[in-house]
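Below is one structure; the comments refer to it alone.
Numbering (this note's numbering), first residue to last: 16 to 332.
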């Protein structure tokens with residue numbers, strides 16, 4: 016099955032379905048390999064990975080498939096220069112950079128022929144990255160899990176604004192709130208060339224998350240996430256003991272030191288690897304409310320594509 020768009024042509028993939036780079040969940044080879052084999056774009060999340068583990072995951076992906084894949088690199092991470100050096104040595108086909116500016120990586124990777132996508136959360140950021148010379152943009156709206164934009168502008172509005180600002184200059188990928196074929200159809204209708212799916216791929220056997228985390232995603236409703244940590248590094252996470260305590264401090268206008276102490280004491284790793292789904296940061300997007308079961312990643316890719324085809328066919332003409 017093929018669905019051709021500006022993004023599939025740029026990336027050399029069959030379907031405009033990207034699996035988001037999610038720390039721990041896709042900090043492995045299994046999840047991105049399954050997605051890439053199915054025709055989407057699998058993405059390794061380099062954020063929490065040691066260099067040796069990242070190198071091994073890249074080698075495993077290359078050995079397992081000749082399909083394109085990407086590595087997501089949060090530019091703020093500790094040891095970022097060492098990781099960038101590794102990615103340069105490995106000549107990764109697609110680099111997705113987030114939480115930093117393109118100047119840190121663009122020239123060296125463009126020289127290799129690496130396709131460079133940059134994650135943005137506003138029109139201003141999009142225009143700046145485009146002017147620097149990136150190959151495409153991933154636009155993250157307020158529904159997204161992990162680190163949504165502080166303004167929490169919805170993906171529906173932000174994607175359309177960036178598409179209009181780009182005026183065809185660069186392919187755009189919409190991210191935040193997508194879980195199925197209807198979401199993909201909506202993203203393409205907004206003018207994006209693909210949709211980025213994060214939370215949906217958490218509920219897979221291949222995701223590197225504790226089983227309790229995956230079950231929490233499946234059990235969550237569309238109103239069961241909270242945004243906490245404004246001014247400290249805003250996150251969206253499924254409601255639990257940590258978010259309740261954090262929300263209470265924020266509502267009471269507690270001193271920043273108190274809020275920071277609680278915010279930093281809880282980590283994503285506690286939930287993802289240790290399985291502490293009450294005190295850990297159970298990061299997920301609002302689309303968790305649309306995720307109904309745990310299923311193989313390849314099945315999700317095929318299901319999204321089939322749903323998209325059926326929905327488009329049923330639209331009034």
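Ideal Cβ placement from N, Cα and C applies to all residues, glycine included.
Just so it is clear, the structure is predicted and the values come from calculations on it, not from any experiment.
Residue 116 is a Cβ neighbour of residue 144, given a cutoff of 9 Å. Under DSSP, residue 241 forms a beta bridge with 252.
The C-alpha of residue 181 lies about 10 Å from the C-alpha of residue 146.
DSSP places residue 216 in the helix class (H, G or I) of the three-state scheme. Look at residue 43 here: in three-state DSSP terms it is coil, with no helix or strand label. Note that the C-beta distance between residue 120 and residue 90 is below 9 Å. Per the coordinates, the alpha-carbon of residue 274 lies some 34 Å from the alpha-carbon of residue 308. In terms of Cβ geometry, residue 158 and residue 192 form a close pair [threshold 9 Å]. Rounded to whole angstroms, residue 138 and residue 177 show a C-alpha spacing of 5 Å. The three-state reading of DSSP puts residue 104 in helix, counting H, G and I together.
A direct Cα-Cα distance of roughly 21 Å separates residue 49 from residue 106. Within the DSSP secondary-structure output, residue 261 pairs in no beta bridge. Residue 92 holds the alpha-carbon nearest to the alpha-carbon of residue 114 among 92, 131, 190 and 104. Nearest neighbour of residue 317 by Cα position, chosen from 229, 27 and 55, turns out to be 55. If only uninterrupted beta strand (DSSP E) runs of at least 3 residues are considered, those enclosed by the region 43 to 119 are 57 to 60, 84 to 89 and 109 to 113.
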